[in-house]
Amino acid sequence: MKMIYCTCNVAVLEPLLKMLDENNVRDFQVVEQVTAKNKKGDHRFNNPVWPGYNSTVFIQITEDEKAKMVMQKIREFNRNAFNDNELVTACMWTIEDYFFD
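Here my numbering is used: position 26 in the sequence shown is 358, and no number is missing along the way.
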């Protein structure tokens, strides 16, 4: 099982969630307002100097191949970004234990 962590400008959250829906990804959580110092693009601290904020999506995927496909879709998403402020940052790691009962 894999965990994928994504963070993005709130402006691209809806297209990211749409991509997950189109690829039948159903197990995720969204954190709406996350301040961030980004490697690329503008910092977003939701203040007058650095306006705006990020959103974070935590995705749990049981099938390794599906997780790899989602990471590839995020890379494609980034290739189509208008500028660095629309890039999605993502990383993936293995989950040793997961339950929801």
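Ideal Cβ positions, reconstructed from N, Cα and C, are used throughout, including at glycine.
Since this is a predicted model, take the numbers as computed values, not measurements.
Query                                                                                : Result
Among Thr367, Ser387, Lys371, the one whose alpha carbon lies nearest that of Asn379 : Thr367
Continuous beta strand (DSSP E) stretch holding Val422: start and end                : For the sequence presented, residue 422 should be read as Ala rather than Val. Element bounds for Ala422: 421-426.
The region 408-423 / the region 352-365 touching (three or more Cβ pairs under 8 Å)  : no
Endpoints, alpha helix (DSSP H) assigned at Met403                                   : 396-411
Straight-line gap, Asn355 to Lys398 (C-alpha atoms, nearest Å)                       : 9 Å
For Lys334: DSSP bridge partner residues                                             : Ile393, Thr426
Under the three-state DSSP convention, the category Asn379 falls into                : coil
Host alpha helix (DSSP H) of Glu354 (start-end)                                      : 345-354
Pair within 7 Å by beta-carbon distance, Phe377 and Tyr337                           : no
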